[in-house]
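Asks: Per this note's numbering, residue 42 is the first one in the sequence shown, and the count goes up by one each step.
There's a structure below that I have some questions on.
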Amino acid sequence: MKTRITPYAFIAPAMLLLIVFGVLPIAVALLVSFTDMNLAGLGDWSRIEFVGVANYEQLFADAAFWQALGNTAVFAILGVPTVVVLSLVIALALNRSQGRFYRALRSFYFVPAITAIVAIALVWGYLFNTQFGLFNYLLSLVGLPPVPWLSDPVVVKFSVVLVAVWRGLGLNIIIFLAALQGVPKEYLEAASIDGASGYRRTVSIVIPLLRFAIFFVSITTIIAWLQFFDEPFVLTKGGPLGASTSISLFLYQEGFSASQFGYASAGSVVLFAIIAAVTVIQLRFRRADVDY
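Here it is in structure tokens:
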């Protein structure tokens, strides 16, 4: 009996934290989404009224919501493949040597992941500055006109994605490097003896053995980009004209700026449903791949 209980005792703290900070907030958001809770209702619960699915009807009729949802899809389409591919390529390059220089580079690539977003926004804000920024200065050296990095509705999407990609590479590189340490040396040595080139060993041996790591990085990266918030919030506040407003930023604006907690909760439930659906689809593809 004691042996059966021991594993559950080890996972109990993690499960408790997951329930308190994961499951419970989702359940609360679902309940609040059927009410008209606002700042006044938060102070006096007697003012909260049940409104049924009115918040969802209003949400799906809101053009700003659909714009934010479309922006998030664009961010994910641009960012997820870029982050996954660049992280894998950089990890493969860093794994080729164990020298001091390459170990220093590993730390260098991880620095953006632990740097405060406010500091990142300050530096990149100066880089993107239309009049005095470094990027436009470099363009002027080759005779090109300045680019409105953060004020053009189209260009701003690429600018925000660039910052997010730069910031998101570090953690994924570390994950890939850890997975590369588990590739059996015997396989690579046998392939080398058979005359396989470095490229062939990477494509035919290393990458197939990294399939689970690639799957893990892909699924976590997609979830992170569907919750994209920090970069548009600190760089553009969602502008210009909502062109860089992500769904998470939209929910923040509605919930904390406009104090429409019931309406924002309905949006968060929809976002949760989208993330859950995408995750389930990926897991099914992964299962089919494993079965195959």
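Just so you know, even glycine gets a beta-carbon here, dropped at the ideal spot from N, CA and C.
Report yes if the CB atom of L129 is closer than 9 Å to the CB atom of I255, and no otherwise.
Replies: Along the sequence shown, one-based indexing puts residue 129 at 88. Along the sequence shown, one-based indexing puts residue 255 at 214. Going by C-beta atoms, L129 is nearer than 9 Å to I255.
Asks: Could you tell me how far apart the beta carbons of T123 and V206 are, in whole angstroms, since I believe they sit closer than 8 Å?
Replies: Residue 123 sits at position 82 when you count from the first residue of the sequence shown. Residue 206 sits at position 165 when you count from the first residue of the sequence shown. Their Cβ separation, rounded to whole angstroms, is 5 Å, which keeps T123 and V206 in contact under 8 Å.
Asks: Just checking, does the segment 137-155 make contact with the segment 207-215 on the three C-beta pairs under 8 Å criterion?
Replies: These segments touch.
Asks: For F270, which residues in the same chain have their Cβ closer than 8 Å to its Cβ, ignoring the five residues on either side in sequence?
Replies: For the purposes of this step, residue 270 is taken as the residue at position 229 of the sequence shown. S287, S289, L290 and Y293, listed in sequence order.
Asks: I need the straight-line Cα distance from A145 to I246, nearest angstrom please.
Replies: Position 104 of the sequence shown, counted from the start, is the residue given in the question as residue 145. Position 205 of the sequence shown, counted from the start, is the residue given in the question as residue 246. A145 and I246: Cα-Cα distance of roughly 27 Å.
Asks: What is the rounded straight-line gap between the Cα of Y304 and the Cα of N96?
Replies: Against the sequence shown, residue 304 aligns to sequence position 263. Against the sequence shown, residue 96 aligns to sequence position 55. About 5 Å.
Asks: According to DSSP, is N170 part of a helix, a strand, or is it coil?
Replies: As a working note, residue 170 is residue 129 in the sequence shown. It is coil, neither helix nor strand.
Asks: Going by C-alpha to C-alpha distance, which of I118, T113, I67 and A53 sits closest to V310?
Replies: In the sequence shown, the residue the question calls residue 310 occupies position 269. It is I67 whose Cα lies nearest to the Cα of V310.
Asks: Under 7 Å Cβ to Cβ from S200, same chain only, skipping five residues before and after it: list those, please.
Replies: Counting from 1 along the sequence shown, the entry for residue 200 is found at position 159. If we look at S200 and ignore the five residues flanking it on each side, its Cβ neighbours are F169, W190 and L191.
Asks: At which residues does the alpha helix (DSSP H) containing S259 begin and terminate?
Replies: As a first step, residue 259 is located in the sequence shown; it is residue number 218 there, counting from the start. Note, S259: alpha helix (DSSP H), R252 to L267.
Asks: Can you tell which of A314, P186, T171 and S259 has the C-alpha that lies nearest to the C-alpha of R327?
Replies: If you number the sequence shown from 1, residue 327 lands on position 286. Here the closest residue by C-alpha is S259.
Asks: Can you tell which of I89, R141 and V202 has its C-alpha closest to the C-alpha of E272?
Replies: To locate residue 272, count along the sequence shown from 1; it is residue 231. The shortest Cα separation from E272 among I89, R141 and V202 belongs to V202.
Asks: If you draw a straight line from the C-alpha of F142 to the C-alpha of I131, how long is it?
Replies: Locating residue 142 in the sequence shown gives position 101, where the first residue counts as 1. Locating residue 131 in the sequence shown gives position 90, where the first residue counts as 1. Going by the C-alpha atoms only, they are around 14 Å apart.
Asks: Taking C-alpha atoms, which residue in I118, A220 and N136 lies nearest to F253?
Replies: In the sequence shown, residue 253 corresponds to position 212, counting from 1. Closest option to F253, Cα to Cα, is A220.
Asks: Are F75 and F91 touching if we call contact CB-CB under 9 Å?
Replies: If you number the sequence shown from 1, residue 75 lands on position 34. If you number the sequence shown from 1, residue 91 lands on position 50. Yes, they are a contact pair.
Asks: For Q172, count neighbouring Cβ atoms within 10 angstroms of its own Cβ and tell me buried if that reaches 16, exposed if not.
Replies: Position 131 of the sequence shown, counting from 1, holds the residue named residue 172. Result: exposed.
Asks: If you count every other CB in all the chains shown that lies within 10 Å of the CB of F149, and 16 or more means buried, which is it?
Replies: If you number the sequence shown from 1, residue 149 lands on position 108. Burial call: exposed.
Asks: Spatial neighbours of L276 within its chain, please: C-beta separation below 8 Å, excluding the five flanking residues on both sides.
Replies: Locating residue 276 in the sequence shown gives position 235, where the first residue counts as 1. A162, W165, G166, F169, L191, S200, V201, V204 and S285, listed in sequence order.
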